[in-house]
Structures are given as structure tokens and as C-alpha cells.
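Asker: Take this structure, written in C-alpha cells, and hold onto it; I'll ask about it next.
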Amino acid sequence: MSVILDLAGIFVFALSGALMGVRKRLDMVGMAVLAEMTALGGGIVRDLILNVRPAAFESTGYVLVPVAATAIVFFWHPHVARVMPAILVLDAAGLGLFCAVGTEKALGFGLSPLHAALLGVTTAVGGGMLRDVLAGEIPTLLYDRQLYAVPAMLGSAVMAGLYWTGLNGWHATLAAALLTFGLRIAAMRYKWRAPLARGVKPSD
Amino acid sequence: MSVILDLAGIFVFALSGALMGVRKRLDMVGMAVLAEMTALGGGIVRDLILNVRPAAFESTGYVLVPVAATAIVFFWHPHVARVMPAILVLDAAGLGLFCAVGTEKALGFGLSPLHAALLGVTTAVGGGMLRDVLAGEIPTLLYDRQLYAVPAMLGSAVMAGLYWTGLNGWHATLAAALLTFGLRIAAMRYKWRAPLARGVKPSD
Amino acid sequence: MSVILDLAGIFVFALSGALMGVRKRLDMVGMAVLAEMTALGGGIVRDLILNVRPAAFESTGYVLVPVAATAIVFFWHPHVARVMPAILVLDAAGLGLFCAVGTEKALGFGLSPLHAALLGVTTAVGGGMLRDVLAGEIPTLLYDRQLYAVPAMLGSAVMAGLYWTGLNGWHATLAAALLTFGLRIAAMRYKWRAPLARGVKPSD
């Protein structure tokens with residue numbers, strides 16, 4: 001079950017990578033590289049910091065699912081772009097899942113709640129940041145003022161807090177993932193925005 | 205013998221890094237950083253993922269050869285640029301060597317053939333991607349539609365396949381390296397190109 | 409004592425990250441990410457290469473000090489920018505400290521003097537390079553011709569040399585840090601510049 005959720009999260013993240021490839025007119029190789037990086041990059045960075053072999057290099061599905069996502073975008077990208085609102089909802093689900101699972105894994109390796117939450121956020125947003133840097137753009141996360149990292153931070157903090165009070169197991173993971181998902185969806189719907197430094201005018 | 209080939213591959217990759225530095229009008233420090241990153245970056249990423257100390261930090265030659273390449277480009281870059289066609293052939297040889305050796309090392313650490321091949325490609329193309337990102341450009345690999353990663357993928361796959369059938373040793377490494385080299389040269393000569401997603405017009 | 413110096417270095421580096429965030433009109437999240445990356449990035453890369461868990465993920469102060477720096481810049485950035493000359497002096501002190509401490513740690517893990525010095529420089533300049541890449545710019549280090557990496561290289565080399573002759577301990581670390589600091593300050597005051605490749609005209 002958890003494996004299927006993982007692969008679903010990877011699939012959605014890979015779609016966003018491959019779509020970025022289309023938008024930047026990259027070739028098929030570029031699309032596949034962005035798809036793999038977006039889907040697996042966050043988890044790879046997490047595992048490097050935990051000093052274990054990255055999970056992406058021990059699972060066949062993790063590597064092949066982004067290839068499938070690339071193929072789908074390659075042939076049907078106008079349709080994929082048309083269902084973008086649905087993809088944003090799935091992406092919010094992937095965000096929740098990745099930050100909860102990433103925090104949990106880090107806690108299991110003995111990191112403090114603070115550091116585990118930080119690594120959970122890294123898992124969730126690292127791949128998207130790599131995607132944007134490779135595509136020659138400033139990571140969306142840093143400037144678009146949408147709340148994307150903040151829901152992941154809160155979800156990871158709740159996960160770490162529950163674990164710390166002894167409430168671990170799949171209930172805690174699910175609660176943290178749902179909280180992140182709900183906050184992200186609410187942030188999109190109600191256009192909650194991150195503040196700019198005092199006195200800085202928005203550019204848009 | 206294998207050490208001399210390694211250093212030759214590092215030298216050629218470092219030349220391309222230092223030349224990028226000249227093209228972007230970087231100073232001597234920038235040239236040296238790009239040379240080191242281009243030459244050593246792919247192998248460092250491979251070794252981080254294998255969870256061992258990067259080979260670049262255990263060999264003096266690996267660090268000093270890019271310094272020598274930087275010095276040559278610093279003083280004689282117009283001549284170096286003039287022999288660019290020869291450098292592209294040497295670069296193809298470096299590509300073949302790095303993907304074969306990288307795949308072999310990963311197999312030796314117990315990775316599956318799929319993951320070993322993926323890491324072999326990373327070894328071969330990772331340094332060039334780092335070079336381009338640091339120079340403020342989208343990695344050439346992602347958009348120029350030249351077949352650069354694809355020969356490395358096929359060579360790494362053949363290396364992994366031979367190893368899997370019990371045919372390891374230098375014959376296999378040589379075969380995989382030569383295959384990559386030949387495909388890359390053929391791709392340059394016959395202008396084989398990677399496809400764009402359906403309906404996307406080429407920008408050039 | 410050494411912990412306080414470390415945190416001071418992290419604070420100054422984090423200020424430069426958060427200020428870059430203001431300059432690029434990033435939101436609060438972007439400012440915090442740049443502050444953390446600038447302050448901790450170099451040490452994280454060093455520890456990944458040494459194959460140990462990054463110090464940043466074992467210390468609460470390392471993570472919270474950049475948050476404090478972000479808050480200060482968020483509310484008082486015009487004042488912070490006004491004291492920029494003082495910040496540049498503090499940054500030179502951070503540079504000296506980080507390259508000396510980074511080299512020392514690498515020597516303690518058994519790296520050769522050459523590789524330890526290389527890793528010391530990485531510790532000192534890696535965070536700033538990450539900051540610039542994430543902000544969508546070519547790392548200043550590579551092109552601005554100011555001597556920033558060169559003082560760190562010399563300081564790291566002296567640290568490695570002293571250690572190699574048996575002179576380790578805090579005297580050696582202090583000497584290397586002060587040398588780097590002094591060279592960096594002198595380079596700023598006397599406008600020492602790194603050379604461009606032969607025949608390349610400066611763009612400014």
C-alpha cells in the first residue's frame with residue numbers, strides 16, 4: 001500500500017518535470033532527465049544526508065515510473081496540460097506524502113525532531129528545486145509567494161511532534177500528510193501568500 | 205593503464221570546462237573551478253550515491269590534471285578552440301570510458317544492472333551538467349537534441365548486460381566504451397537528433 | 409568558544425543569503441532557504457564527501473541561527489545593507505574560519521593535505537556558490553575577479569602544511585584563519601584582481 005502511494009507521488013512529480021521540459025522546448029532526453037530529477041531528487045538528497053544508499057537506487061519502480069510519465073507527456077502533453085488543475089491537487093497529495101514519509105525516515109535514523117522535519121521538507125521540495133535550477137529558472141518555491149514549502153514545514157513539524165510524543169505508526173504519517181495536503185489546497189484556493197521583506201514592492 | 209585512461213578522460217573533460225570559462229569571460233579562478241567540476245563532478249556524485257569516499261579525494265592526479273588543463277587553456281585557448289573537432293572526438297572517448305567504468309564500479313557495489321547503468325550515465329554526463337549550471341546555462345544535454353546521453357545510456361546498458369551474463373573484466377569495459385564512442389561519433393557525423401515532444405516546433 | 413565562532417560565521421553567511429533574497433525580491437520562504445543554504449551548504453557538501461552525517465543535522469543552533477538572520481533582514485534590511493562594509497569584514501572572518509575548520513576536519517578524517525585543503529575551500533565557498541545558483545546567477549566567485557577563493561586556498565594550504573609538519577591544534581587553525589582573513593581584506597582594499605585568460609578583454 002505504502003509502495004503504491006510512493007509510486008503515485010513519484011508519478012505526479014515526474015509529470016511536472018516532463019511538462020517543464022515541454023515548456024522549455026527540451027528534447028526527449030531533457031524531458032526524461034527533468035522527470036527523474038523532479039521525482040527522485042528530494043529523496044536522494046535526504047538519503048545522502050542520512051548517509052544511506054538512496055532508495056531510488058534500490059527500487060526498479062522508482063526509476064521506471066518517471067520514464068512512463070515522460071512517455072505520456074511526450075505523446076499527450078496538450079491533454080496533460082488541460083488536466084493541470086487535477087494535477088495540482090495530485091501534486092499537493094504528493095507533497096503531503098513525501099514530507100510525512102521523509103520526516104518519518106529521518107526520525108527512524110535518530111535525527112532530532114527539528115532536523116527530521118527539515119529533512120522531510122527537503123524530501124518534498126528538493127526535487128522541484130532541482131527541476132527549476134536545471135531548467136534555468138529560479139526555483140518557483142523561492143519567489144512565487146504561493147504557500148508551497150510552508151504546508152510541508154507544518155506537516156513535517158506535526159509528524160516530528162507526534163513521533164516525539166510516542167504517536168508513531170501510519171496514523172501519524174497519514175495525519176501529517178493530510179494536514180499538508182489540506183493546507184496546500186486551502187492556500188491555492190484562498191490565495192494565501194508569503195510576505196515580502198518589509199518595504200519591498202511585489203514585482204507583479 | 206586504466207589509470208592513464210582515467211586521467212586522459214579527466215583531462216579532456218577539464219579542457220571543456222576551462223574553455224566554457226573563457227567563453228563566459230570568467231577569471232582564472234572561475235576557469236579552474238569549472239575545469240575541476242566538469243572533470244570530477246560526475247564521479248563525485250556517483251561515489252556519494254554509492255556511499256563511499258569520492259575517488260577524486262583519494263587521488264592526487266585527479267585534482268592536478270584539471271589544474272594543468274586550466275593552465276593550457278589560460279595561455280593557449282585560441283589554439284585549443286581551433287582543435288575543437290579533435291577535442292570533440294576525445295570527449296566522445298571520455299564519455300565512453302566514464303560510462304563504462306562508472307557502470308562497472310556500481311555493479312561491483314552490488315547495484316542492479318538498471319541502477320548501475322543509470323549511475324554509469326550519471327558519471328559520464330554529471331560533470332558537464334554541473335559545468336553548464338554553474339556557467340548559468342541550461343545543460344546542453346537537455347535541449348540541444350544531439351545524442352550525447354543516449355550513447356552513454358546504451359553503452360552503460362551493454363556494460364550492465366555483459367556483467368549480468370558473467371562477462372565482466374576489461375573486455376566488457378572496452379566493448380561498452382567503444383560502443384558509446386562509436387555511437388557518439390556516428391551521431392555527430394550523421395546529425396542524429398533526439399525528438400521533441402509531439403507537436404513542439406524546434407526553436408532553431 | 410569554537411562553537412560561538414562557528415555560529416558567528418554561520419550568522420554572517422546567512423545574512424548574505426537573506427540579503428540576496430531581498431535583492432531578488434524573493435518572499436520570506438525564499439529568503440530563509442537562501443540563508444540556510446548559504447550558511448550550511450559548504451559544510452554539508454564537505455561532510456557528504458567525508459561520508460559522515462552533516463554537522464548541520466546534528467546541531468540545533470546551526471539551523472536556527474539562519475532563521476534569526478532571516479528575521480533580522482526581513483524587518484531591517486535597509487539598515488543591514490547600510491552596514492554592508494562591516495558585513496564584508498565579518499564575511500572575510502567567516503571565510504577564514506570556515507576554510508581553516510573545514511581543512512582541519514578533513515585532515516582528521518585522514519585526507520591528504522592536498523585534498524583536505526580542497527575540501528576546506530569547498531567548505532568556505534560552497535554555500536555562497538549554492539546561494540548564487542539558486543538565485544539564478546553565475547556564482548560571483550567565478551567571474552568577479554575579486555580574490556575570494558584565492559585567500560581561502562592559501563589559508564587552507566597553510567593549515568594543511570602546518571598539520572603535516574605536526575603543528576596542529578588551535579594555534580594552527582587560528583594562524584590559517586587569520587592569514588585568509590588578512591589576505592581577503594587586503595585584496596578588497598587594494599583591489600587585487602584575478603587575471604582573465606590571455607587576450608580576453610574585461611567586460612566591465
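Residue numbers (our numbering), protein chains in the order written: chain A, 1 to 204; chain B, 205 to 408; chain C, 409 to 612.
The beta-carbon is built from N, C-alpha and C at its ideal position, and this holds for glycine as well.
1. Determine whether the beta carbon atoms of A:ALA149 and A:PRO66 lie at a separation below 9 Å.
2. For A:ASP27, write down the residues that DSSP places opposite it in a beta bridge.
3. Return the residues of the region 281-292 of chain B that lie within a Cβ-Cβ distance of less than 9 Å from chain C, sorted by chain order.
4. Assuming contact is defined by CB atoms lying nearer than 9 Å, are A:MET159 and A:GLY41 in contact in what I supplied?
5. Going by other Cβ atoms of all chains shown within 10 Å of its Cβ, with 16 needed for buried, is C:LEU570 buried or exposed?
6. Roughly how far, in whole angstroms, is the beta-carbon of A:ALA197 from the beta-carbon of C:VAL430, given that I think they are within contact range, below 8 Å?
7. At which residues does the alpha helix (DSSP H) containing B:SER360 begin and terminate?
8. Check whether chain A comes within 9 Å of B:LEU315, counting only Cβ atoms and requiring the distance to be less than that.
9. What residue does the alpha helix (DSSP H) around A:ASP144 start on, and which one ends it?
10. Taking C:TYR551 as the query, report the chain B residues whose CB atoms sit under 8 Å from its CB, ordered along the chain.
11. Using beta carbons (cut-off 9 Å, strictly below), is B:ARG257 in contact with chain A?
12. Starting from the beta carbon of C:VAL558, find every residue of chain A whose beta carbon is closer than 7 Å, and list them in chain order.
13. Listed from N- to C-terminal order along the chain, which residues in the region 182-201 of chain A have their beta-carbon within a distance smaller than 9 Å of any beta-carbon of chain C?
14. Cα separation between B:GLU262 and C:PHE483?
15. Please state the DSSP three-state secondary structure of C:PRO462.
16. Could you check if B:ILE208 is buried or exposed, using at least 16 other CB atoms within 10 Å of its CB as the buried criterion?
17. Expressed to the nearest angstrom, what Euclidean distance is found between the alpha-carbon atoms of B:ILE342 and C:VAL509?
18. Count the C-beta pairs between the region 585-599 of chain C and the region 495-514 of chain C that are closer than 8 Å, then say yes if the count reaches three, no if not.
19. Within the 9 Å Cβ cut-off, does A:THR60 reach chain B?
20. If you count every other CB in all the chains shown that lies within 10 Å of the CB of B:HIS281, and 16 or more means buried, which is it?
21. Run down chain A in chain order and give the residues with a C-beta less than 9 Å from the C-beta of B:VAL337.
22. Under 8 Å Cβ-Cβ, which residues of chain C neighbour A:ILE49?
23. Quick one: what does DSSP say A:LYS105 is sitting in, helix, strand or coil?
24. Residues of chain B with CB closer than 9 Å to the CB of C:LEU522, please, in chain order.
25. Provide the residue span of the alpha helix (DSSP H) that contains B:LEU315, from first to last.
26. Check the Cβ-Cβ distances between B:PHE278 and every residue of chain C, and say whether any is below 9 Å.
27. Checking 9 Å against the spacing of the C-beta atoms, do C:THR573 and C:ARG454 come in under that value?
28. Assuming B:THR160 contacts B:ALA320 (C-beta within less than 8 Å), just tell me the rounded distance between them.
29. So what does DSSP say about C:VAL491, is it helix, strand or coil?
30. Hey, how far is the Cα of C:ARG461 from the Cα of B:ALA290?
31. I'd like to know if A:LEU34 contacts chain B, where contact means its C-beta is closer than 9 Å to some C-beta of that chain.
32. Taking 9 Å as the threshold (beta carbon to beta carbon), is B:GLY245 in contact with chain C?
33. Quick check: is the beta carbon of C:MET567 nearer than 9 Å to any beta carbon in chain B?
34. Could you work out which residues of chain C lie near A:LEU118, taking near to mean beta carbons separated by less than 7 Å?
35. Given that a residue counts as buried once 16 or more other Cβ atoms are within 10 Å of its Cβ, and exposed if not, what is A:THR173?
36. Let me make sure I understand the geometry here. Which of A:VAL63, A:LEU183 and A:LEU107 has the alpha-carbon closest to that of A:TRP192?
Answerer: On the basis of the supplied data:
1. No, the pair does not count as a contact, with Cβ atoms beyond the cut-off.
2. Beta-bridge pairing links A:ASP27 to B:LEU400.
3. Identification of residues in the region 281-292 of chain B having a C-beta nearer than 9 Å to some C-beta of chain C yields HIS281 and PRO282, given in sequence order.
4. Judged by beta-carbon spacing, A:GLY41 lies beyond the 9 Å limit of A:MET159, meaning their Cβ atoms are not closer than that value.
5. Its Cβ being crowded by 16 or more others within 10 Å, C:LEU570 is buried.
6. Confirmed, Cβ separation roughly 5 Å.
7. Per DSSP, B:SER360 belongs to the alpha helix (DSSP H) from 353-368.
8. For B:LEU315, the nearest CB of chain A lies under 9 Å from its own CB, placing it at the interface with that chain.
9. Where A:ASP144 is concerned, there is no enclosing alpha helix (DSSP H), given that its DSSP letter is neither H nor E.
10. Here the neighbours are LYS228, ARG229, LEU230, ASP231 and GLY234.
11. False, the Cβ-Cβ gap to chain A never drops below 9 Å.
12. Think of a sphere of 7 Å around the beta carbon of C:VAL558: no beta carbon from chain A falls inside it, the nearest being about 27 Å out.
13. Listed by position, the residues of the region 182-201 of chain A near chain C (Cβ gap below 9 Å) are ARG193, ALA194, PRO195, LEU196, ALA197, ARG198, GLY199, VAL200 and LYS201.
14. Computed Cα separation, rounded: 46 Å.
15. DSSP, read as helix, strand or coil, puts C:PRO462 in coil.
16. When all chains shown are included, B:ILE208 counts as exposed.
17. Rounded to whole angstroms, the gap between the alpha carbons of B:ILE342 and C:VAL509 is 34 Å.
18. Yes, since at least three Cβ pairs between the region 585-599 of chain C and the region 495-514 of chain C fall closer than 8 Å, the two stretches touch.
19. Interface with chain B (9 Å Cβ-Cβ cutoff): A:THR60 is included.
20. Looking at its Cβ environment, which holds 16 or more other Cβ atoms inside 10 Å, B:HIS281 is buried.
21. For B:VAL337, the C-beta contacts it makes with chain A under 9 Å involve VAL133, LEU134 and GLY136, in order along the chain.
22. For the C-beta of A:ILE49, the chain C residues within less than 8 Å are, from N- to C-terminus, ILE452, LEU456, ARG461, PRO462 and PHE465.
23. Judged by DSSP in its simplified three-state form, A:LYS105 adopts helix.
24. Here the neighbours are THR264, VAL267 and LEU268.
25. Counted as a single uninterrupted DSSP element, the stretch harbouring B:LEU315 is not any alpha helix (DSSP H), since DSSP gives it neither H nor E.
26. B:PHE278 counts as touching chain C.
27. Their beta carbons are not under 9 Å apart, which means C:THR573 does not touch C:ARG454 by this criterion.
28. Here chain B covers residues 205 to 408 and nothing more, so residue 160 of chain B does not appear.
29. C:VAL491: coil per DSSP, three-state reduction.
30. Cα to Cα, the separation comes out at about 43 Å.
31. Contact with chain B is found for A:LEU34, since one of that chain's Cβ atoms lies less than 9 Å from the residue's Cβ.
32. Not closer than 9 Å to any Cβ of chain C, the Cβ of B:GLY245 fails to qualify, so no.
33. By this cut-off, C:MET567 is not an interface position.
34. Chain C residues near A:LEU118: VAL471.
35. By the 10 Å Cβ count, A:THR173 comes out buried.
36. Comparing Cα positions, the closest option is A:LEU183.
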